[in-house]
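Visitor: Got a structure for you, questions after.
Residue numbers (mature numbering (1 follows the signal peptide of the UniProt record, and there is no 0)): -15 to -1, 1 to 306.
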C-alpha cells in the first residue's frame, strides 16, 4: 500500500513539473518549434511556408539579398510599349489565352532583358500612335500624352519625322499589296484605281499616299475608307462597301476568296519597322544599344527565326540578315 502511495506522489510531482514547463513554453515537442528541431533538419517553418535549407548556405543573407533585389526592382521605372491586336505574326490575340502575342512582344522582352529595363505592353488603337484623317497624317494622342513610352512596329518616314523619332529598324520593310475579291478579278487593273473605294488601316505606312505614288494616281482619284483592322476591312470588302483594300501579304494571310495583288514598296530608304518615341526620349539609346547587342551575339537571329516558325500561320516576319 505504501509503495502505491509513493508512486502516486511521484506521478503527481512529475505532472506538476511538466505543467509548469508548458506554461513557460519549455515543454513543447521539438516538431512544434523550428528552433528546437535537430541540427540536421532540412526545413524551416515560417507560418506554413517551407524554405529549403542547404548545408553551408547563409539563409539570412539569402533573404536579405532577395529583399534587396525586390526593392531595386520596385524602384525601377516601368516602360510601357503600345501594340495593336491585328498585325499578323508581329502582334495578334492568342485564341487560347486572350492575350496579345507575337514577335513584337518577344522582341520587347528580349530587349528589356538585355537593357535591364522593367517593361510591359499596352494594347491600344493604332490611331493613338499615328492618326490618318482625310489627306492629313498627324501624331496620335497616346504617344503625345505619354500613355506609353513607345509604339512598336512603326516605319520611319519624313511625315513622321515632323513629330517623332525612331530607333534602328528591327526587321525589313513588309511588302505592300492590294487585295480584292476573286469574283471581281475582271473589274480591276492594279495601276488604275480611279473612282474606286479603297480600304486602309488608319495610321499605317501602307497608305493612300503610297498607293497613289506607286500607281501614278492622285489621292483624290479614289475614295479612301479607313478601318481599325484587317478584320474590319475584309468584312467591308465582302459586303462590297469597298472595292479594294491595301495591306501586306506578310502580315495578312488572304482567305481563299480574296486575290493578292503584286507587291510594291511603301518604305522610306528601305527602313523597316522600329520603335517610335517622342523626340528626346533617352529610351531610344537604350533600345538601340540592346538591339545592336542581340544582333551581334546572334540571339536576334534565333529569336526572329523561332517567331517565324511559331507564328507562321499569321504571315512572315522579314528578319534582318
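Every residue, glycine too, gets a C-beta built ideally from N, C-alpha and C.
Any heavy atom of the ligand MG inside 6 angstroms of the beta-carbon of residue 158?
Guide: The ligand content of the structure shown is nil, which means the ligand MG is not present either.
Visitor: Can you tell which of 128, 264, 165, 208 has the C-alpha that lies nearest to the C-alpha of residue 241?
Guide: Looking up residue 241 in the chain shown gives position 256. Closest option to residue 241, Cα to Cα, is 165.
Visitor: Of the residues 293, 306, 102, which one's Cα is nearest the Cα of residue 75?
Guide: Position 90 of the chain shown, counted from the start, is the residue given in the question as residue 75. Checked all of 293, 306, 102; the closest Cα to residue 75 is 293.
Visitor: Got a sec? Which residues, its chain only, sit under 8 angstroms from residue 298 by beta carbon, not counting five neighbours each side?
Guide: Numbered from its first residue, the chain shown carries residue 298 at position 313. Closer than 8 angstroms at Cβ, skipping near neighbours: 238.
Visitor: Can you list, in chain order, the residues of its chain with a C-beta nearer than 7 angstroms to that of residue 141? Leave out the 5 residues immediately preceding and following it.
Guide: Along the chain shown, read from residue 1 onward, the residue named residue 141 stands at position 156. Cβ within range, chain order: 151, 253, 256, 259.
Visitor: Can you tell me which of the three DSSP states residue 285 falls into?
Guide: Here residue 285 refers to the residue found at position 300 when the chain shown is read from its first residue. Note: residue 285 maps to helix in three-state DSSP.
Visitor: Whole alpha helix (DSSP H) runs in the stretch 106 to 168 with 4 or more residues, listed along the chain?
Guide: You should have 126 to 129, 143 to 146.
Visitor: So residue 303 packs on residue 159, CB below 8 angstroms; how close in whole Å?
Guide: Position 318 of the chain shown holds residue 303. Position 174 of the chain shown holds residue 159. About 6 angstroms; that satisfies the 8 angstroms criterion.
Visitor: Would you report the Cα separation of residue 144 and residue 284, rounded to the nearest angstrom?
Guide: Here residue 144 is taken as the residue at index 159 of the chain shown, counted from 1. Here residue 284 is taken as the residue at index 299 of the chain shown, counted from 1. Their backbone Cα atoms lie some 33 angstroms apart in a straight line.
Visitor: Threshold first: 3 residues or longer. Then list the beta strand (DSSP E) segments lying entirely within the stretch 70 to 107, N to C.
Guide: You should have 76 to 78.
Visitor: Please report the straight-line C-alpha distance between residue 113 and residue 68, rounded to a whole angstrom.
Guide: Within the chain shown, numbered from 1, the residue matching residue 113 stands at position 128. Within the chain shown, numbered from 1, the residue matching residue 68 stands at position 83. Going by the C-alpha atoms only, they are around 10 angstroms apart.
Visitor: Buried or exposed for residue 288, going by 16 or more other Cβ atoms inside 10 Å?
Guide: In the chain shown, counting from the first residue as 1, residue 288 sits at position 303. Residue 288 should be labelled buried.
Visitor: What does a CB cutoff of less than 6 angstroms around residue 103 pick up in its chain, not counting 5 residues either side in sequence?
Guide: The residue you call residue 103 lines up with position 118 of the chain shown. Once the five neighbours on either side are set aside, the close Cβ partners of residue 103 are 61, 63.
Visitor: Verify whether the separation of the beta carbon atoms of residue 134 and residue 268 is less than 7 angstroms.
Guide: Taking the first residue of the chain shown as 1, we reach residue 134 at position 149. Taking the first residue of the chain shown as 1, we reach residue 268 at position 283. Closer than 7 angstroms, so yes.
Visitor: Which same chain residues, not among the five before or five after residue 221, have their C-beta less than 8 angstroms away from its C-beta?
Guide: For the purposes of this step, residue 221 is taken as residue 236 along the chain shown, with counting starting at 1. Only 184, 210, 212, 227, 230 meet the Cβ criterion.
Visitor: Going along the chain, which residues of its own chain have a beta-carbon closer than 7 angstroms to the beta-carbon of residue 201, five neighbours each way excluded?
Guide: To locate residue 201, count along the chain shown from 1; it is residue 216. Excluding positions up to five away in sequence, the list reads 176.
Visitor: Would you mind giving the Cβ-Cβ distance between residue 305 and residue 156, rounded to the nearest angstrom? I have them listed as a contact below 8 angstroms.
Guide: Here the question's residue 305 lines up with position 320 in the chain shown. Here the question's residue 156 lines up with position 171 in the chain shown. Between residue 156 and residue 305 the Cβ distance is about 6 angstroms, and since that is below 8 angstroms, they are a contact.
Visitor: With C-beta atoms as the reference, is residue 208 less than 7 angstroms away from residue 300?
Guide: For the purposes of this step, residue 208 is taken as the residue at position 223 of the chain shown. For the purposes of this step, residue 300 is taken as the residue at position 315 of the chain shown. Taking 7 angstroms as the Cβ cut-off, residue 208 and residue 300 do not qualify as a contacting pair.
Visitor: Near residue 179, what residues of its chain come up, given a Cβ to Cβ distance below 7 angstroms and the 5 sequence neighbours on each side ignored?
Guide: The residue labelled residue 179 in the question sits at position 194 within the chain shown. Only 202, 206, 207 meet the Cβ criterion.
Visitor: Quick check: what's the CA-CA separation for residue 100 versus residue 65?
Guide: Within the chain shown, the letter at position 115 stands for residue 100. Within the chain shown, the letter at position 80 stands for residue 65. Near 15 angstroms, if we compare the C-alpha coordinates of residue 65 and residue 100.
Visitor: In whole angstroms, what is the alpha-carbon distance linking residue 265 and residue 217?
Guide: On the chain shown, residue 265 is found 280 positions in, with the first residue counted as 1. On the chain shown, residue 217 is found 232 positions in, with the first residue counted as 1. Whole-angstrom Cα-Cα distance: 36 angstroms.
Visitor: Residue 109: buried (16+ other C-beta within 10 angstroms of its C-beta) or exposed?
Guide: Numbered from its first residue, the chain shown carries residue 109 at position 124. Under this definition residue 109 is a buried residue.
Visitor: Could you spell out the range, first to last residue, of the alpha helix (DSSP H) harbouring residue 67?
Guide: Numbered from its first residue, the chain shown carries residue 67 at position 82. No alpha helix (DSSP H) holds residue 67; the beta strand (DSSP E) holding it covers 63 to 68.
Visitor: Looking only at its own chain, which residues have a Cβ that is under 7 angstroms from the Cβ of residue 233, when we skip the five neighbours before and after it?
Guide: Against the chain shown, residue 233 aligns to sequence position 248. Closer than 7 angstroms at Cβ, skipping near neighbours: 159, 160, 161, 162, 191.
Visitor: Out of 149, 225, 148, which one is the CA nearest neighbour of residue 172?
Guide: Counted from its first residue, the chain shown places residue 172 at position 187. Closest option to residue 172, Cα to Cα, is 225.
Visitor: Who pairs with residue 186 in a beta bridge, going by DSSP?
Guide: Start at 1 with the first residue of the chain shown, and residue 186 comes out as number 201. For residue 186, which the question treats as bridged, DSSP gives the partners 212.
Visitor: For residue 12, which of helix, strand or coil comes out of DSSP?
Guide: By one-based count along the chain shown, residue 12 stands at place 27. Annotation note: pLDDT 38 at residue 12 (below 50); position unreliable, coordinate value reported separately. Coil, per DSSP.
Visitor: Rank 146, 219, 122, 115 by C-alpha distance to the C-alpha of residue 137 and give the top, closest one.
Guide: Walking along the chain shown from the start, residue 137 turns up at place 152. The option with the nearest alpha carbon to residue 137 is 115.
Visitor: Could you give the residue range of the alpha helix (DSSP H) that holds residue 197?
Guide: As a first step, residue 197 must be located in the chain shown, where it is residue number 212. Residues 193 to 200.
Visitor: Measuring only the C-alpha atoms, how far is residue 132 from residue 182?
Guide: Against the chain shown, residue 132 aligns to sequence position 147. Against the chain shown, residue 182 aligns to sequence position 197. Whole-angstrom Cα-Cα distance: 34 angstroms.
Visitor: Using the Cβ count rule (16 or more neighbours within 10 Å means buried), how would you classify residue 248?
Guide: Within the chain shown, the letter at position 263 stands for residue 248. That one is exposed.
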